[in-house]
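Structure first, commentary second.
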Amino acid sequence: MRRFPRAKRVHGVKGIHNAYKEAALLCSTDYFWVVDADAEIVDSFNFDYVVPFFDIARVRVWRCKNPINDLVYGYGGVKLLPRCLVNKMDVNTTDMTSSISKHYEPVQELSNITKFNTDPFTTWRSAFRECVKLSSQTIQGQVSQETLERLDVWCSVGTDKEYGKYAIQGARQGREYGLENKNNNEALRKINDYSWLKELYERTVSV
Amino acid sequence: MSGIAFNPNAYDIVFLSYDEPNADENYQHLLSIKPKAKRVHGVKGSDAAHKACAELATTDRVVIVDGDNKVLPSLWRRNIWIKQGHFDWDNKVFSYSSLNSINGTSYGNGGVKCWPVEKILAMRTHEISDDESVSVDFDFDSYLQLNTIGSHTVVNSSPLQAWRAGFRDAVKLYMSGNGSFDDVDWRNMDRLYSWMHVGADVENGLWACYGARLGCYLIQRGYDHHELCDFDRLNDTFKMYYAASHNNLEKACNNLSILLNHRYVGNVFSVEKSIEYKEKVKPPVRSPEEFVAGNKDPEYDIVFISYDESTDNKK
Chain A
1 MRRFPRAKRV
11 HGVKGIHNAY
21 KEAALLCSTD
31 YFWVVDADAE
41 IVDSFNFDYV
51 VPFFDIARVR
61 VWRCKNPIND
71 LVYGYGGVKL
81 LPRCLVNKMD
91 VNTTDMTSSI
101 SKHYEPVQEL
111 SNITKFNTDP
121 FTTWRSAFRE
131 CVKLSSQTIQ
141 GQVSQETLER
151 LDVWCSVGTD
161 KEYGKYAIQG
171 ARQGREYGLE
181 NKNNNEALRK
191 INDYSWLKEL
201 YERTVSV
Chain X
1001 MSGIAFNPNA
1011 YDIVFLSYDE
1021 PNADENYQHL
1031 LSIKPKAKRV
1041 HGVKGSDAAH
1051 KACAELATTD
1061 RVVIVDGDNK
1071 VLPSLWRRNI
1081 WIKQGHFDWD
1091 NKVFSYSSLN
1101 SINGTSYGNG
1111 GVKCWPVEKI
1121 LAMRTHEISD
1131 DESVSVDFDF
1141 DSYLQLNTIG
1151 SHTVVNSSPL
1161 QAWRAGFRDA
1171 VKLYMSGNGS
1181 FDDVDWRNMD
1191 RLYSWMHVGA
1201 DVENGLWACY
1211 GARLGCYLIQ
1221 RGYDHHELCD
1231 FDRLNDTFKM
1241 YYAASHNNLE
1251 KACNNLSILL
1261 NHRYVGNVFS
1271 VEKSIEYKEK
1281 VKPPVRSPEE
1291 FVAGNKDPEY
1301 DIVFISYDES
1311 TDNKK
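Structure, rendered in structure tokens:
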């Protein structure tokens, strides 16, 4: 807010898809930027990208640094979304960005650090959700080898970082859950249900 | 402000009506703002009707207001400043946006236009076209599309008017994707979506939704879209489907969504949802207006999304 006073906020909306739809309703520009709550925007990023007017409606995701395992890719990155398509997206999918548009563009510029390791549960939840997506390969356009390499890093690197053990445990559980439910959309969709995640965490986690 | 000023007050105004039930009312409204506005009424064929307007004009351009349009006084209060040397001024049509009375869309459909008279007299479109690209509409490439709303296009004065408006524009929008929803440009798809879903809150609004859906469905069944230029045939098509749909129009609309079978075509919105949609969902920007002097790149909205994260207040 200090750097970009025009920023608006959506808080406490249950379900990620619903939160993004709510965000779209706050906006009037053809595209809108989405910043997750755990994102710390880097100084070089200025929200000044402009989409060519007659371009097809793509989801654009900027690169982001993971503070636990140092991976740099789209996970947790700032997104630029076509507002009209967010309004109409199917809310019953596992991966929100690919349900907005089949056209996805990773932008090779760093936007932020995703500081998700703020407490044990939040850290575990973030790692679990991402590794379910990576292992089940539900994200459109995923490159298989690259995905597996990222999954390995999530599941093994970062024990020395704050709440790193929770990230690794969440990643390993997520990997297992994703593989087990690779073709079970109903089970995969549960990763967007934060109450279910909390219950799973309380039932299974011991670090 | 640098550039050339386009001032709509400099040109003759002609109100162009055919059979719109609200045409007289809209013309009187125009006269209350612009008492010298002229009128052409009942000329068959869009090309011929526009030529009749051009022949009435004594200025080198003519502002044409369609019969279903309720013009806004603000249209004549603002000059448009054009970048110098940006285009061939004499060959361009200024096309204002229009706010649709049924579904809240805002784009060129039915909007006020300011034409070069010579261009109208020389063109061969619609009923006399020998070029497929202008057989059911004008040459969009010559339009300077303005985001400024110059009028409200009031197309819900009768079931036929609403149905025909929805049918005609939906067919044009759908055909812009060659009869495939997935290939329609996303801004046009947004407009088509509104035509098909929004409007239960206004009188005859559902007729527009029905017309839009039926138009797309008939295209899938091989309908010849050139019939859009022939209002007599369109009226016959309406009569044919009226009997089967008017007793339960909502159901007829929803049955068409089953036949159209696409993720962007669902049940028509209720009265409450139509009102909410128009209040909350802004239509896409119509034009980059790259020809307007001083035009800047857009600055997109930013939304910060939080749920229960413990660090979010520190941002």
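Residue numbers (the working numbering), protein chains in the order written: chain A, 1 to 207; chain X, 1001 to 1315. Think of the CB as a built atom: it goes at the ideal place given N, C-alpha and C, for glycine as much as any other residue.
Residue span of the alpha helix (DSSP H) that contains residue 27 (chain A), given as start and end: No alpha helix (DSSP H) holds residue 27 (chain A); DSSP gives it neither H nor E.
Measuring alpha carbon to alpha carbon, tell me which residue in X:1014, X:1018, X:1011 and X:1006 is nearest residue 1232 (chain X). Closest option to residue 1232 (chain X), Cα to Cα, is X:1018.
Three-way DSSP call (helix, strand, coil) for residue 1314 (chain X) in this model: Reliability fails at residue 1314 (chain X), whose pLDDT of 45 lies under 50, so the model's placement of it is uncertain and the value that follows must be treated cautiously. In this structure, residue 1314 (chain X) counts as helix in the three-state DSSP scheme.
Closest by CA to residue 1220 (chain X), which one among X:1286, X:1174, X:1109 and X:1244? Nearest option by C-alpha distance: X:1174.
Start and end of the beta strand (DSSP E) containing residue 1118 (chain X)? Not the beta strand (DSSP E): residue 1118 (chain X) falls in the alpha helix (DSSP H), residues 1117 to 1122.
Check the Cβ-Cβ distances between residue 28 (chain A) and every residue of chain X, and say whether any is below 8 Å. Cβ-Cβ to chain X under 8 Å: yes for residue 28 (chain A).
Out of curiosity, what's the CA-to-CA distance linking residue 40 (chain A) and residue 1156 (chain X)? Per the coordinates, the alpha-carbon of residue 40 (chain A) lies some 50 Å from the alpha-carbon of residue 1156 (chain X).
By a C-beta neighbour count over all protein chains shown, 10 Å radius and 16 as the cutoff for buried, is residue 72 (chain A) buried or exposed? Exposed, by the Cβ-count rule.
Consider the Cβ of residue 174 (chain A): report whether some Cβ of chain X lies at a distance smaller than 8 Å. No, residue 174 (chain A) does not count as interfacial toward chain X.
Going by DSSP, what residue range makes up the alpha helix (DSSP H) through residue 172 (chain A)? Annotation for residue 172 (chain A): the continuous alpha helix (DSSP H) segment containing it runs 164 to 180.
Helix, strand or coil at residue 19 (chain A) [DSSP, three-state]: Shown here, residue 19 (chain A) sits in a helix according to DSSP, grouped into three states.
Keeping to the same chain, check which residues put their C-beta closer than 6 Å to that of residue 132 (chain A); ignore five residues upstream and five downstream. 174, 177, 178 and 191, listed in sequence order.
Taking three-plus beta-carbon pairs below 8 Å as touching, is the stretch 1057 to 1065 of chain X in contact with the stretch 1012 to 1031 of chain X? Enough Cβ pairs lie closer than 8 Å, so yes.
Identify the continuous alpha helix (DSSP H) that holds residue 1211 (chain X) and give its terminal residues. Annotation: the continuous alpha helix (DSSP H) that includes residue 1211 (chain X) extends over 1205 to 1220.
Secondary structure of residue 105 (chain A), DSSP reduced to three states: Residue 105 (chain A): strand per DSSP, three-state reduction.
At least one CB of chain A closer than 8 Å to the CB of residue 1258 (chain X): is that the case? Under the Cβ criterion of 8 Å, residue 1258 (chain X) is not counted among the residues facing chain A.
Can you look up residue 54 (chain A) in the DSSP assignment and give me helix, strand or coil? Looking at residue 54 (chain A) - three-state DSSP - the assignment turns out to be coil, as it is neither helix nor strand.
Would you verify that the beta carbon of residue 129 (chain A) is, or is not, closer than 8 Å to some beta carbon of chain X? For residue 129 (chain A), the nearest beta carbon of chain X is not closer than 8 Å to its own beta carbon.
Where do the N-terminal and C-terminal ends of the alpha helix (DSSP H) with residue 1163 (chain X) fall, by residue? For residue 1163 (chain X), the enclosing alpha helix (DSSP H) stretches over residues 1159 to 1175.
Interface residues of chain A around residue 1282 (chain X) at Cβ under 7 Å? Ordered by position in chain A, the residues that pass the 7 Å Cβ test against residue 1282 (chain X) are 28.
How about the stretch 64 to 80 of chain A and the stretch 1151 to 1165 of chain X: do they share at least three Cβ pairs that are nearer than 8 Å? Here the stretch 64 to 80 of chain A does not lie against the stretch 1151 to 1165 of chain X, with fewer than 3 beta-carbon pairs under 8 Å apart.
Alpha-carbon to alpha-carbon, residue 193 (chain A) and residue 159 (chain A): Cα to Cα, residue 159 (chain A) sits roughly 27 Å from residue 193 (chain A).
What does the alpha-carbon distance come out to for the pair residue 1247 (chain X) and residue 147 (chain A)? The straight-line gap from Cα to Cα measures roughly 56 Å.
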